[in-house]
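Asker: What follows is a structure written as structure tokens; I'll ask about it next.
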Amino acid sequence: MKLYCLSGHPTLPCNVLKFKSTTIMLDCGLDTTSALYFLPLPLVHSSRLSKLPGWASKDGTVNLEKELKECAGRVFVDSQPEFCLPERELLDLSTVDVILISNYHCMMALPYITEHTGFSGTVYATEPTFQIGRLLMEELVTFMERVPKAQSATCWKNKEIQRMLPGPLKDAVDVWSWKRCYSMQEVNSALSKVQLVGYSQKVELFGAVQVTPLSSGYSLGSSNWIIQSHYEKVSYVSGSSLLTTHPQPMDQSSLKNSDVLILTGLTQIPTANPDGMLGEFCSNLAMTIRAGGNVLVPCYSSGVIYDLLECLYQFMDSANLGTTPFYFISPVANSSLEFSQIFAEWLCQNKQSKVYLPEPPFPHAELIQTNKLKHYPSIHGEFSSEFRQPCVVFTGHPSLRFGDVVHFMELWGKSSLNTIIFTEPDFSYLDALAPYQPLAMKCVYCPIDTRLNFHQVSKLLKEVQPLHVVCPEQYTQPPPAQSHRSDLMLELQPPPMAYRRCSVLGLPFRRRYERIQLQPELAKALVPSEIKPGISVATVSAVLQSKDNKHVLQPVPKPTPVPPSKKRKRLMEEVPELLSPKPLLSGSIPLDAFLASLHKSGITEVKVEETADGHILHLQAEDALIQLEEDATHIVCDNNEPLRTALRDLVLRFLQKL
Amino acid sequence: MPDIKVTPLGAGQDVGRSCILVSVGGKNIMLDCGMHMGYNDDRRFPDFSYITQNGRLTDFLDCVIISHFHLDHCGALPYMSEMVGYDGPIYMTHPTKAICPILLEDFRKITVDKKGETNFFTSQMIKDCMKKVVPLNLHQTVQVDDELEIKAYYAGHVLGAAMVLIKVGSESVVYTGDYNMTPDRHLGAAWIDKCRPDILISESTYATTIRDSKRCRERDFLKKVHETIERGGKVLIPVFALGRAQELCILLETFWYRMNLKAPIYFSTGLTEKANHYYKLFITWTNQKIRKTFVQRNMFEFKHIKAFDRSYADNPGPMVVFATPGMLHAGQSLQIFKKWAGNEKNMVIMPGYCVQGTVGHKILNGQKKLEMEGRATLEVKLQVEYMSFSAHADAKGIMQLIRMAEPRNMLLVHGEAKKMEFLKDKIEQEFSISCYMPANGETTTVTTNPSVPVDISLNLLKREMALGGPLPDPKKPRTMHGTLIMKDSSLRLVSPEQALKELGLSEHQLRFTCRVHLQDPHSDSDTLSRIYSHLKSVLKGYAVQHLPDGTVMVESIVLKVSSSGEDPNLKVILLSWSYQVNVEVILQKRPLYPSIGVTGVTDRHWRYT
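Line by line, the protein sequences are chains A and B.
Counted the way full-length UniProt numbering counts, the first sequence spans residues 1 to 658.
Counted the way full-length UniProt numbering counts, the second sequence spans residues 1 to 609.
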């Protein structure tokens with residue numbers, strides 16, 4: 001049992017588990033933080049960006065003016081943004097049998113894995129994960145393809161050159177493995193390999209392993225996975241939440257009794273309380289609107305945005321800002337809002353019961369109906385003529401490197417009346433803002449990360465008691481910025497097994513047993529004998545049948561009676577093969593009782609001779625010897641098969657057979 | 001011998017009042033709890049006194065499962081849970097849980113408020129009953145208790161209809177509820193995996209029918225509606241508020257749009273709006289096409305179909321009206337029918353099955369004069385058309401499902417006895433499995449033969465599998481040998497050596513030695529060498545070794561040669577083996593050493609001259 005770790009990002013994991021004869025990939029996260037090294041992709045021509053000076057080293061030896069631009073003291077790559085993929089060299093990915101997806105954020109690298117590695121297996125995901133994952137991929141592709149960039153910068157990646165670059169570019173790792181975004185065709189092909197599953201659905205893999213998704217409480221359709229055989233159980237925990245937001249609550253009890261628990265996707269902002277952040281979000285938003293400014297919320301098109309809208313739905317009226325328009329701009333805005341309403345089964349109790357009325361589970365349906373929330377596929381078209389200020393705009397991408405958000409940064413960045421509120425925890429907001437500096441607009445950082453924090457996870461682990469925990473190495477030490485906070489790390493006994501990108505861990509378990517079925521006819525024919533109080537044994541002689549990793553024991557077939565005249569020779573050859581092996585013997589033979597039974601069967605002339613280890617019995621009439629020892633018996637007789645058989649059976653009577 | 005018992009309390013050789021009791025592995029499950037449309041007395045509900053004469057049912061049932069929201073499958077639920085008394089879990093899918101209470105309330109209103117019956121369940125009872133409902137998701141394995149698990153499959157009969165797999169240990173039963181094997185305009189087709197249940201309990205409404213293609217039926221339907229409209233007649237389509245209604249609405253909506261027709265289409269009762277809303281929220285339960293396009297165009301937003309008002313029935317000119325209920329046994333559909341029945345220009349289209357005793361059933365059988373309340377007779381002049389749009393599997397569909405699930409036994413319910421008989425023969429012929437069709441109150445017992453799960457030590461299993469070679473040889477099955485240790489409730493199969501070790505026992509060696517006398521002039525060691533080379537040549541495929549300590553080993557049989565003191569030519573061969581060796585196997589193979597006088601071995605011992 002081995003675990004291959006292909007991603008170093010603790011919340012965007014990609015691990016491969018080899019368990020029994022199966023190879024299972026757990027998630028396939030795409031690290032998009034690499035986009036922060038790139039220059040934003042503007043939707044409309046930006047003279048500011050195009051006028052940025054190129055970069056050349058001070059001594060003039062390296063000149064990359066075409067590839068690298070400098071903005072406010074930082075150097076950016078002027079090219080289509082690239083993403084950091086899971087490691088593809090550590091093992092042959094064409095051997096992966098299945099990919100289990102835990103939530104829609106953790107499947108964004110899927111097309112890179114399924115399309116270009118020879119992968120021929122199945123991907124398992126819940127329906128909301130699949131549908132919303134598709135929307136997020138579609139959005140990403142649209143963002144990229146809307147503003148095609150001819151240039152692809154590669155010179156800076158040259159090791160010799162990268163060494164000379166200013167930080168943080170200098171320290172970027174694995175830059176050669178970074179890839180541009182996939183195409184819609186690749187997305188469709190990748191998604192055609194997805195098989196939908198429901199919570200608590202038991203999926204058999206090759207008869208050897210059973211995998212089951214469990215509700216993880218983090219997002220619509222998000223799941224943790226149980227990977228188990230009859231005797232071993234691995235839990236894979238990824239992106240889970242105990243907060244009551246919109247998704248179905250986390251199923252904790254099913255994680256109990258795991259041999260190994262793989263723990264990923266804890267909160268990225270362990271010091272921020274999501275409820276507090278939500279309050280801050282609302283008050284900053286109200287303050288800006290009241291002052292006549294606009295609010296920009298860079299966000300993903302699904303997830304926390306539903307909670308933000310619900311929160312604002314209640315808040316805006318009470319704050320007397322009921323007339324402020326909300327705009328949600330994304331190529332998939334409409335789909336995301338519509339899809340959120342049809343997954344009642346995957347929602348928390350509260351929202352589920354609304355559907356029984358029947359009412360839409362999320363209040364954003366009402367916001368749309370009353371025209372308070374409007375959604376547009378992009379800033380082009382209807383939006384430009386309909387939009388009023390001051391307003392609140394929700395749009396992506398949260399990295400501020402591509403998507404409609406780039407336009408709003410250019411549009412509103414110069415005025416201190418406006419505010420940008422960061423709610424997504426995936427990107428450092430300072431890095432995200434770097435290419436827009438100097439900036440007059442106010443910046444508020446209210447990261448809302450509902451995933452488990454260290455306090456919650458240690459409580460959870462105490463409850464479910466896994467034998468071993470595997471986690472990214474980041475969780476085994478306090479965050480670098482808060483090195484004194486020993487409460488912001490996992491402290492467990494035994495200590496967790498930590499991994500990093502490219503680690504290969506041998507998981508500490510030994511398989512001892514396998515499930516086998518005794519056919520009823522065989523079971524009925526068994527003769528159990530009690531060997532110790534409460535323990536019985538029976539000798540089993542049977543034919544083993546193994547098919548599709550399932551094992552069955554059948555009774556030994558009786559040789560078909562063949563007429564003795566014909567084929568006698570063949571019978572002679574085959575039948576002995578089927579003779580059942582004889583059992584092992586145990587116990588010892590009491591001398592007196594044995595003599596008595598010899599006597600009973602007509603053997604009366606016995607001379608007993610004592611030896612160091614036992615006795616020797618001379619059967620004088622029969623000219624035979626029996627040597628009796630504590631745990632050995634030796635019968636010596638000449639050519640007298642009936643005698644030998646009789647003596648054997650007498651001896652066996654005193655022994656236990658196994 | 002463990003067995004499974006199935007007793008229908010309703011729907012045994014009958015349609016309506018579905019309620020089937022199943023006992024499997026010591027668990028009792030009630031499948032559906034419906035009412036009968038054809039009766040207005042006690043026979044309306046299943047006879048729960050079969051389960052117990054006095055007191056509540058909670059102690060006798062482990063769970064109740066409802067397959068879908070039609071009243072003949074859930075109509076007796078509040079009566080059973082609140083009036084007879086049951087507090088255990090009731091399982092149904094989300095859409096069923098949403099829609100079922102509305103239909104129950106509707107049913108209650110008609111019975112109590114309109115007909116004035118007393119001693120019927122109240123609104124509060126419906127609410128209390130629904131509180132006991134646990135929602136089921138498709139394919140989710142729900143653990144009712146430690147041993148009993150259930151799993152729902154898509155049935156395609158109405159929104160939220162499910163088939164259910166019930167499993168206790170290795171014994172299992174599948175109950176189909178009502179299902180449809182062909183996808184239609186708004187629902188997908190039923191599907192189940194090859195779960196090989198001990199019993200498959202299937203509905204058999206259309207046991208003898210093999211329906212023509214759906215397209216033909218639809219064309220026929222549209223043609224008839226169109227013709228009636230053209231000649232200025234009115235079309236009444238009695239439907240249940242949810243289910244076929246939406247299917248036919250989609251059909252007419254697209255037809256009206258395509259043909260640019262102007263005649264109004266109405267949908268009776270206030271339920272429509274609400275009903276369509278359910279379809280929008282549970283879009284994941286509809287078919288692929290609707291699910292794919294719902295963001296762009298929601299199929300359940302109808303442009304041509306408007307709400308009906310009672311006064312419209314007297315409007316002149318053509319119109320199409322969908323009215324509830326579907327069997328013309330009460331309510332608005334019956335009222336409109338009475339109004340329109342006298343005019344031969346009009347038409348009533350019955351799109352579904354009608355239970356015996358209902359007006360629908362009567363007119364379908366060609367009855368031209370109907371007795372109404374107050375001794376009035378109603379003459380039926382309008383055209384009566386029957387069109388099978390109800391989403392039940394036909395004979396072909398039922399056979400298809402059997403092929404999918406591969407049951408060991410088959411049990412038919414929810415159909416007419418005569419038709420069942422026909423299908424039963426067909427099933428037994430085609431699949432060579434037993435098929436049962438118990439009547440209400442009659443118990444069918446099926447003996448199961450479960451295999452016994454045992455934990456086998458991986459060492460033993462791997463060793464055996466390695467010995468068996470990479471491919472199994474059906475001609476030469478290998479016998480494996482192990483010791484089954486039974487302790488508490490665990491069964492473990494290990495190798496005998498491991499069993500000895502685990503049980504703290506030491507092995508007792510049993511050996512045999514046999515002396516064979518032989519005349520041979522050579523020296524002892526030469527004799528041994530000759531025996532060795534001979535054995536080597538005759539015992540091919542066995543390990544024959546000449547050891548330096550002056551012995552020959554054939555597998556684990558030891559041979560030694562010594563000469564007797566008196567006669568150096570008389571050699572004594574000592575042959576020694578342990579109890580575990582199958583001497584016979586080796587010795588029976590070949591005659592041994594004939595050249596030096598041993599004539600061979602027959603049966604079990606050596607002969608010497």
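Ideal Cβ positions, reconstructed from N, Cα and C, are used throughout, including at glycine.
Between the segment 294-320 of chain B and chain A, which residues of the former have CB atoms less than 8 Å from a CB of the latter, in chain order?
Answerer: Listed in sequence order: F294, V295.
Asker: Given a cut-off of 7 Å on the beta-carbon distance, is the pair R512/A and L458/B in contact?
Answerer: In contact: R512/A and L458/B (Cβ atoms closer than 7 Å).
Asker: Could you please give the first and the last residue of the uninterrupted alpha helix (DSSP H) stretch that includes C129/B?
Answerer: Counting along the chain, the alpha helix (DSSP H) containing C129/B begins and ends at 123-131.
Asker: Under 6 Å Cβ to Cβ from E160/A, same chain only, skipping five residues before and after it: list those, please.
Answerer: Nothing listed; no residue qualifies.
Asker: How far does the alpha helix (DSSP H) with Y306/A in it reach, from first residue to last?
Answerer: Counting along the chain, the alpha helix (DSSP H) containing Y306/A begins and ends at 304-318.
Asker: What does DSSP give as the partner residues of A498/A in its beta bridges?
Answerer: For A498/A, which the question treats as bridged, DSSP gives the partners C471/A.
Asker: Which residue from S503/A, I516/A, P557/A, L430/A puts its Cα closest to that of L484/B?
Answerer: Closest by alpha carbon: I516/A.
Asker: Hey, would you say T324/B sits closer than 7 Å to A241/B, going by beta carbons?
Answerer: Yes. Within cutoff.
Asker: Give the residues of chain A in contact with L535/B, contact being defined as C-beta atoms less than 9 Å apart.
Answerer: Ordered by position in chain A, no residue passes the 9 Å Cβ test against L535/B, which lies about 18 Å from the chain.
Asker: Report the partner residues of G614/A according to the DSSP bridge assignment.
Answerer: Answer is E629/A, bridged to G614/A.
Asker: Counting only C-beta atoms, is S529/A closer than 7 Å to chain B at any point?
Answerer: Chain B contact via Cβ: absent.
Asker: Within the same chain, show all residues whose beta-carbon is closer than 6 Å to that of Q210/A, passing over the 5 residues directly before and after it, in chain order.
Answerer: So the qualifying residues of the chain are K202, E204, Q228.
Asker: Output needed for V84/B: all residues of its chain with C-beta closer than 8 Å, excluding positions within five of it in sequence on either side, in chain order.
Answerer: Same-chain partners within the cutoff: F48, R56, L57.
Asker: How far does the alpha helix (DSSP H) with M259/B in it extend, from its first residue to its last?
Answerer: It spans 244-259 - the alpha helix (DSSP H) in which M259/B sits, taken as one unbroken run.
Asker: Of all the options R146/A, F408/A, P363/A, L220/A, which has the alpha carbon lying nearest to the alpha carbon of I101/A?
Answerer: Checked all of R146/A, F408/A, P363/A, L220/A; the closest Cα to I101/A is L220/A.
Asker: Could you tell me which chain B residues have their CB closer than 8 Å to the CB of Y513/A, listed as they occur along the chain?
Answerer: What Y513/A touches in chain B: D455, I456, S457, L458, R492.
Asker: In chain order, what residues of the same chain have a beta carbon less than 7 Å from the beta carbon of V144/B, not counting five sequence neighbours either side?
Answerer: D62, C63, P89, I150.
Asker: Opposite H517/B in the DSSP bridges: which residues?
Answerer: H517/B is bridged to V572/B.
Asker: Taking the continuous beta strand (DSSP E) assigned at P298/A, which residues delimit it?
Answerer: Looking at the DSSP string, the run of the beta strand (DSSP E) that includes P298/A is 295-298.
Asker: Pairing CB atoms from the segment 412-423 of chain B with CB atoms from the segment 222-240 of chain B, are three or more of them under 8 Å?
Answerer: Flag = no, the segment 412-423 of chain B and the segment 222-240 of chain B do not touch.
Asker: Mind checking if R108/B is an interface residue toward chain A, Cβ cutoff 7 Å exclusive?
Answerer: By this cut-off, R108/B is not an interface position.
Asker: Cα separation between I20/B and D72/B?
Answerer: Distance between the alpha carbons of I20/B and D72/B: 12 Å.
Asker: List, in chain order, every chain B residue whose beta-carbon is nearer than 9 Å to that of L655/A.
Answerer: Near L655/A (Cβ distances below 9 Å), the residues of chain B are H508, L510.
Asker: In or out: Y306/A buried (at least 16 other Cβ within 10 Å) or exposed?
Answerer: With 16 or more Cβ atoms within 10 Å of its Cβ, Y306/A is classed as buried.
Asker: According to the neighbour-count rule (16 or more other Cβ atoms, all chains shown, within 10 Å of its Cβ), is L430/A buried or exposed?
Answerer: Exposed is the call here.
Asker: Measuring CA to CA, which of G239/A, N224/A, V540/A, Y218/A is closest to S254/A?
Answerer: Comparing Cα positions, the closest option is N224/A.
Asker: How would you label F594/A, buried or exposed, when you count the other beta carbons within 10 angstroms and need 16 or more for buried?
Answerer: Burial call: buried.
Asker: Can you check whether the C-beta of S451/B is within less than 7 Å of a C-beta belonging to chain A?
Answerer: Taking Cβ atoms only, chain A reaches closer than 7 Å to S451/B, which makes this a yes.
Asker: Using 7 Å as the limit for Cβ to Cβ distance, is D548/A near chain B?
Answerer: With 7 Å as the cut-off, D548/A does not count as an interface residue toward chain B.
Asker: For the segment 182-202 of chain A against the segment 84-97 of chain A, do three or more pairs of beta-carbon atoms, one drawn from each stretch, fall closer than 8 Å, so that the two count as touching?
Answerer: The segment 182-202 of chain A, when compared against the segment 84-97 of chain A, does not touch it at the 8 Å Cβ threshold.
Asker: If distances are taken between C-alpha atoms only, which option among T23/A, P13/A, T423/A, N294/A comes closest to A208/A?
Answerer: The option with the nearest alpha carbon to A208/A is T23/A.
Asker: When the Cα of P361/A is compared with those of L367/A, I342/A, I368/A, which residue comes out closest?
Answerer: Among L367/A, I342/A, I368/A, the Cα nearest to that of P361/A belongs to I342/A.
Asker: I want to know whether the segment 264-280 of chain A touches the segment 385-392 of chain A - three or more CB-CB distances under 8 Å.
Answerer: Contact between the segment 264-280 of chain A and the segment 385-392 of chain A is absent, because fewer than three Cβ pairs lie under 8 Å.
Asker: Shortest alpha-carbon distance to V540/A belongs to which of A499/B, S506/B, D146/B?
Answerer: For the residues A499/B, S506/B, D146/B, the minimum Cα distance to V540/A belongs to A499/B.
Asker: Report all residues from its chain with a CB closer than 8 Å to the CB of F206/A; omit the five preceding and five following residues, and keep chain order.
Answerer: The residues are S21, T22, D97, D548, N549.
Asker: Classify T645/A: buried if its beta carbon has 16 or more other beta carbons within 10 angstroms, exposed otherwise.
Answerer: Exposed, because fewer than 16 other Cβ atoms sit within 10 Å of the Cβ of T645/A.
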